[in-house]
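Engineer: Protein chains in written order, with our numbering: chain X, 1 to 441; chain U, 1 to 441.
Protein chains: 2
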Amino acid sequence: MGMYDLIYKKKIGGSLTEEEIKFIVNGFTKDEIPDYQMAAFLMAVCLKGMDKSETIALTMAMAHSGEMLDLSAIEGIKADKHSTGGVGDKTSLVLSPMVASLGIPVAKMSGRGLGHTGGTIDKLESFPGFSTSIPTGQFIDNVNRMKMAIVGQTANLAPADKKIYALRDVTATVDNISLIAGSIMSKKIASGADVIVLDVKTGSGAFMKTLEDSTALAEAMVEIGNGVGRETYAVITDMNQPLGRAVGNSIEVAEAIRTLQGNGPEDLLEVSLTLGSYMLLGAKKAGSVEEARKLLKQTITDQSALNKLAEFVRAQGGDDRAVYNTERFPQASIQEEVISDREGYVTRIITDEIGMTSLVLGGGRETKDSVIDLSVGIQIHKKLGDKVKAGESLASLYGNNMDKMKTAKTRYLKAYTIEDAKPDPAKYIYGIVTRDGLTQF
Amino acid sequence: MGMYDLIYKKKIGGSLTEEEIKFIVNGFTKDEIPDYQMAAFLMAVCLKGMDKSETIALTMAMAHSGEMLDLSAIEGIKADKHSTGGVGDKTSLVLSPMVASLGIPVAKMSGRGLGHTGGTIDKLESFPGFSTSIPTGQFIDNVNRMKMAIVGQTANLAPADKKIYALRDVTATVDNISLIAGSIMSKKIASGADVIVLDVKTGSGAFMKTLEDSTALAEAMVEIGNGVGRETYAVITDMNQPLGRAVGNSIEVAEAIRTLQGNGPEDLLEVSLTLGSYMLLGAKKAGSVEEARKLLKQTITDQSALNKLAEFVRAQGGDDRAVYNTERFPQASIQEEVISDREGYVTRIITDEIGMTSLVLGGGRETKDSVIDLSVGIQIHKKLGDKVKAGESLASLYGNNMDKMKTAKTRYLKAYTIEDAKPDPAKYIYGIVTRDGLTQF
Numbered sequence: 001m002g003m004y005d006l007i008y009k010k011k012i013g014g015s016l017t018e019e020e021i022k023f024i025v026n027g028f029t030k031d032e033i034p035d036y037q038m039a040a041f042l043m044a045v046c047l048k049g050m051d052k053s054e055t056i057a058l059t060m061a062m063a064h065s066g067e068m069l070d071l072s073a074i075e076g077i078k079a080d081k082h083s084t085g086g087v088g089d090k091t092s093l094v095l096s097p098m099v100a101s102l103g104i105p106v107a108k109m110s111g112r113g114l115g116h117t118g119g120t121i122d123k124l125e126s127f128p129g130f131s132t133s134i135p136t137g138q139f140i141d142n143v144n145r146m147k148m149a150i151v152g153q154t155a156n157l158a159p160a161d162k163k164i165y166a167l168r169d170v171t172a173t174v175d176n177i178s179l180i181a182g183s184i185m186s187k188k189i190a191s192g193a194d195v196i197v198l199d200v201k202t203g204s205g206a207f208m209k210t211l212e213d214s215t216a217l218a219e220a221m222v223e224i225g226n227g228v229g230r231e232t233y234a235v236i237t238d239m240n241q242p243l244g245r246a247v248g249n250s251i252e253v254a255e256a257i258r259t260l261q262g263n264g265p266e267d268l269l270e271v272s273l274t275l276g277s278y279m280l281l282g283a284k285k286a287g288s289v290e291e292a293r294k295l296l297k298q299t300i301t302d303q304s305a306l307n308k309l310a311e312f313v314r315a316q317g318g319d320d321r322a323v324y325n326t327e328r329f330p331q332a333s334i335q336e337e338v339i340s341d342r343e344g345y346v347t348r349i350i351t352d353e354i355g356m357t358s359l360v361l362g363g364g365r366e367t368k369d370s371v372i373d374l375s376v377g378i379q380i381h382k383k384l385g386d387k388v389k390a391g392e393s394l395a396s397l398y399g400n401n402m403d404k405m406k407t408a409k410t411r412y413l414k415a416y417t418i419e420d421a422k423p424d425p426a427k428y429i430y431g432i433v434t435r436d437g438l439t440q441f
Numbered sequence: 001m002g003m004y005d006l007i008y009k010k011k012i013g014g015s016l017t018e019e020e021i022k023f024i025v026n027g028f029t030k031d032e033i034p035d036y037q038m039a040a041f042l043m044a045v046c047l048k049g050m051d052k053s054e055t056i057a058l059t060m061a062m063a064h065s066g067e068m069l070d071l072s073a074i075e076g077i078k079a080d081k082h083s084t085g086g087v088g089d090k091t092s093l094v095l096s097p098m099v100a101s102l103g104i105p106v107a108k109m110s111g112r113g114l115g116h117t118g119g120t121i122d123k124l125e126s127f128p129g130f131s132t133s134i135p136t137g138q139f140i141d142n143v144n145r146m147k148m149a150i151v152g153q154t155a156n157l158a159p160a161d162k163k164i165y166a167l168r169d170v171t172a173t174v175d176n177i178s179l180i181a182g183s184i185m186s187k188k189i190a191s192g193a194d195v196i197v198l199d200v201k202t203g204s205g206a207f208m209k210t211l212e213d214s215t216a217l218a219e220a221m222v223e224i225g226n227g228v229g230r231e232t233y234a235v236i237t238d239m240n241q242p243l244g245r246a247v248g249n250s251i252e253v254a255e256a257i258r259t260l261q262g263n264g265p266e267d268l269l270e271v272s273l274t275l276g277s278y279m280l281l282g283a284k285k286a287g288s289v290e291e292a293r294k295l296l297k298q299t300i301t302d303q304s305a306l307n308k309l310a311e312f313v314r315a316q317g318g319d320d321r322a323v324y325n326t327e328r329f330p331q332a333s334i335q336e337e338v339i340s341d342r343e344g345y346v347t348r349i350i351t352d353e354i355g356m357t358s359l360v361l362g363g364g365r366e367t368k369d370s371v372i373d374l375s376v377g378i379q380i381h382k383k384l385g386d387k388v389k390a391g392e393s394l395a396s397l398y399g400n401n402m403d404k405m406k407t408a409k410t411r412y413l414k415a416y417t418i419e420d421a422k423p424d425p426a427k428y429i430y431g432i433v434t435r436d437g438l439t440q441f
């Protein structure tokens, strides 16, 4: 078997065997296959596609290219959630304590963010003293003791995916469903959870801009997960505007806390409840989505989720008093309002641009080495369908640098379209994909 | 403009501008664009194609990437011929003296062979003392004085093509018409001829195995050549068996000499006359193919072509006595016969394998650094359609090593299919492509 022949086979539309795909993934990871051959192969994959068995083989070869996290020492069915990424997405912070407070083990490995805002790991560092790099032994102990722990991804998680992704990123071979699905699922599978609930975002702020692409990705990932014995669900959720009303890092944690206190925005609550329900369903804690939602809502009413969050923060060295008093989070020194210059309804938000506004303020990473300012961010006042008067504030921006603030204000304002006609109400969830297929909402 | 965007544009089937193609070719040649991006681009080209204007832009960018040979100091319309390569192909040695003896300047740059036999340059070295690396000034003087000179390709001829070809060769991106046509034509255009006659081989021993592919390549090259102001013709010729009856180096030169003496094989003569006719037509020496053929045949009858060959060999330092006495060529020490084990007609010859037999004997290069044994080769006795008796010789093999000889004999025999039914007569020429399109024969 030689790489040349395998490139050729894919180029003429052939289907590669599991053995052939392993040869490619392992060879490339070990630097035995050069970048240029892999690049030609990836382009052929983009233009000729991969079938189901090839996609599964690719995913598993990448998952097995590094450490496979062994969660067998954790009692019970381990549930995990993964989002394809969006602006204002803090559902992990809301649903993890809800689900854990119901006794389902949440042993989460999470990445740092690159781009408009930080990842869950960055956001959690808003709690003074919080550590995201506890040893594996303590990670497992914590989950067994109190059902919840979140740590940063180890460097050796699916290294093949990391290397392949870096090449795709510079060769215009990013947008292929099998490659995207394989990349996400390889890390989730290596992270060891039994139940995987995927939040596939769709819309102007999502990686997948159209419902068609998002659905295809959701279906591919559910097929992979169930194909390798992980109970997998995907929820297709809206990203035509930021989720909730807070964008940044500590400001997002504060909104997650308000949601656990029963005062959160409706869309964030709804998406968190839906994702959480499938975690419960997969973990056999509930027999139906309705039952699961009821259980999850109860964790807000009786404050058990909020207390679980505090317990979790404390266990990882963080100042849990911030859970009950968010003024303990890092605070920005400047607040400015983005003022609307006209009256009407918010009909369109270029969601990526809201993310870029947060990045400009200092809340995201332009490069891997950028340092995130956890205190900066955006509090959104007007969302899709909201009535706006001229002179009213669309959002409050929090920053620490006046020049950045000016740029951010201009960008934010430009991201909004305000028109006379009231638009249709915004949707939160478009569909669910289970092993039985897609249910559209 | 960035390479990423250009890869993406081609991937989605877009047509690149001349400026964009120059950016890619120049950037890659100067090592500013890495191999892996070029490999992804080339695969996208293979799967999405290039249109006529892209193909011309690619060709010209590659031609201009190095030295453009200036033949303006040579009087008259300069004609050149190029073959896509085949087994036993010695037409350059036959038609160059014929055409030159009629006063048409033949200023030829030729490559060394890689693979089954040597190139024209290697074969010419069968003449003791012959030099293929005379200075450009003398090259031009020789053509002005006696209308014929053949030298090796300078290292700086279309270096972009050399670099791109090396990458295509390891990334399964060889078989795209635009890339192949551009590669050949960039070198021909940089070599400076006004008239380009292409010999596009088709069949089991050709790079293009099917008539359809060969025709497409011929059409693409003629389109490029005429598109950039070079009078270009392509003749599609048969390569389902070796051309002529000699395969090797000095043995092929001897056959070319016999042809100029009027004793050559019919197929070699016919192909040489046809290619030569279009050189004459392009150089305005003849008004019709019929007239051109008559002129060319006359150069055999009156021995002017043979004498031109001797004059040319002498001018480049070679022993021209070998033209009149081919025993002066390097001679092999062993001769063996390939004996047929059955009776019937030769119905099929795996022509590549005949080439490999010559390579095994030592007549070709396995790697760039291999040294060619000019004395070894094959004299073919039975060609397609010939009647064979059991025990009769299919070919005489000439070599200098008994082990190699044994391997060669086995390979040669296996390349033949001998069956009871007499096949249709073999064809020599399938069609001609001019600026007015294809004429099938």
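The beta-carbon is built from N, C-alpha and C at its ideal position, and this holds for glycine as well.
#1: Per DSSP, what kind of secondary structure is residue 316 (chain X) in: helix, strand or coil?
#2: Nearest by alpha-carbon distance to residue 128 (chain U): which of U:313, U:225, U:222 is it?
#3: Any beta carbon of chain U sitting closer than 8 Å to that of residue 268 (chain X)?
#4: Any C-beta of chain X sitting closer than 8 Å to the C-beta of residue 25 (chain U)?
#5: I'd like to confirm the pairing. Which residues does DSSP put opposite residue 32 (chain U) in its beta bridges?
#6: Classify residue 316 (chain U): buried if its beta carbon has 16 or more other beta carbons within 10 angstroms, exposed otherwise.
#7: Taking a cut of 9 Å between CB atoms, which residues from the stretch 39-59 of chain U lie near chain X?
#8: What number of angstroms, rounded off, separates the C-alpha of residue 333 (chain U) from the C-alpha of residue 404 (chain U)?
#9: When you compare each of X:149, X:130, X:310, X:166 to residue 136 (chain X) by their alpha carbons, which one comes out closest?
#10: For chain X, find out if any of its Cβ atoms is closer than 8 Å to the Cβ of residue 35 (chain U); answer yes or no.
#11: Report the rounded CA-to-CA distance for residue 10 (chain U) versus residue 253 (chain X), giving the unit in angstroms.
#12: What does a CB cutoff of less than 7 Å around residue 319 (chain U) pick up in its chain, not counting 5 residues either side in sequence?
#13: Is the CB of residue 171 (chain X) under 8 Å away from at least one CB in chain U?
#14: For residue 156 (chain X) and residue 164 (chain X), I'd like the C-alpha separation in whole angstroms.
#15: In this structure, does DSSP put residue 341 (chain U) in helix, strand or coil?
#16: Quick one: measure Cβ to Cβ for residue 419 (chain U) and residue 347 (chain U), integer angstroms, because I've assumed they're closer than 8 Å.
#17: If you run the structure through DSSP and keep just helix, strand and coil, what is residue 151 (chain X)?
#18: Check this for me: beta carbons of residue 101 (chain U) and residue 305 (chain U), under 8 Å apart or not?
#19: Just to confirm, are residue 249 (chain X) and residue 117 (chain X) a CB contact at a threshold of 8 Å?
#20: Under DSSP, the alpha helix (DSSP H) around residue 386 (chain U) begins and ends at which residues?
#21: How do the stretch 94-108 of chain U and the stretch 295-304 of chain U stand: do at least 3 beta-carbon pairs fall below 8 Å, yes or no?
#22: Would you verify that the beta carbon of residue 11 (chain X) is, or is not, closer than 8 Å to some beta carbon of chain U?
#23: Under three-state DSSP, which class holds residue 277 (chain U)?
#24: Assuming contact is defined by CB atoms lying nearer than 8 Å, are residue 280 (chain U) and residue 292 (chain U) in contact in what I supplied?
#25: Short of 7 Å Cβ to Cβ, which residues in the stretch 426-439 of chain U face chain X?
#26: If contacts are defined as beta-carbon pairs under 8 Å, then residue 236 (chain U) and residue 202 (chain U) qualify, I think. What distance do you get, rounded to the angstrom?
#27: Roughly how many whole angstroms lie between the Cα atoms of residue 189 (chain U) and residue 251 (chain U)?
#28: Spell out the partners DSSP gives residue 381 (chain U) in its beta bridges.
#29: Name the chain X residues whose beta carbon is nearer than 8 Å to that of residue 4 (chain U)?
#30: Taking residue 232 (chain U) as the reference, which of U:219, U:331, U:339, U:413 has the closest Cα?
#31: With DSSP as the reference, identify every bridge partner of residue 145 (chain X), one or two as the case may be.
#32: Using a C-beta to C-beta distance shorter than 7 Å, which residues of chain X count as neighbours of residue 7 (chain U)?
#33: Can you say whether residue 433 (chain U) is buried or exposed, counting buried as having 16 or more other CB atoms within 10 angstroms of its CB?
#34: Tell me which residues of the stretch 143-168 of chain X have at least one Cβ-Cβ distance to chain U shorter than 7 Å, keeping chain order.
#35: Taking all protein chains shown into account, do 16 or more other C-beta atoms lie within 10 angstroms of the C-beta of residue 263 (chain U), making it buried, or fewer, making it exposed?
Structural biologist: In brief:
#1: Residue state for residue 316 (chain X) is assigned as coil, using DSSP reduced to three classes.
#2: Per the Cα distances, U:313.
#3: no
#4: For residue 25 (chain U), no Cβ of chain X is located within less than 8 Å of the residue's own Cβ.
#5: None, per the DSSP bridge assignment.
#6: buried
#7: 39, 40, 41, 42, 43, 44, 46, 47, 48
#8: 13 Å
#9: Looking from the CA of residue 136 (chain X), the closest CA among X:149, X:130, X:310, X:166 belongs to X:149.
#10: So, interface residue.
#11: 43 Å
#12: 127, 128, 129, 328
#13: Output row for residue 171 (chain X): interface = yes.
#14: 14 Å
#15: coil
#16: 5 Å
#17: strand
#18: A contact, by the Cβ cut-off of 8 Å.
#19: yes
#20: Premise fails: residue 386 (chain U) is in no alpha helix (DSSP H) and is neither H nor E.
#21: yes
#22: yes
#23: helix
#24: yes
#25: Answer in chain order: no residues at all.
#26: 6 Å
#27: 31 Å
#28: None; residue 381 (chain U) has no bridge partner.
#29: 170, 171, 172
#30: The residue with the shortest Cα to Cα distance from residue 232 (chain U) is U:219.
#31: In the DSSP output, where bridge partners are listed per residue, residue 145 (chain X) has none listed.
#32: 171, 172
#33: buried
#34: Listed by position, the residues of the stretch 143-168 of chain X near chain U (Cβ gap below 7 Å) are 167.
#35: exposed
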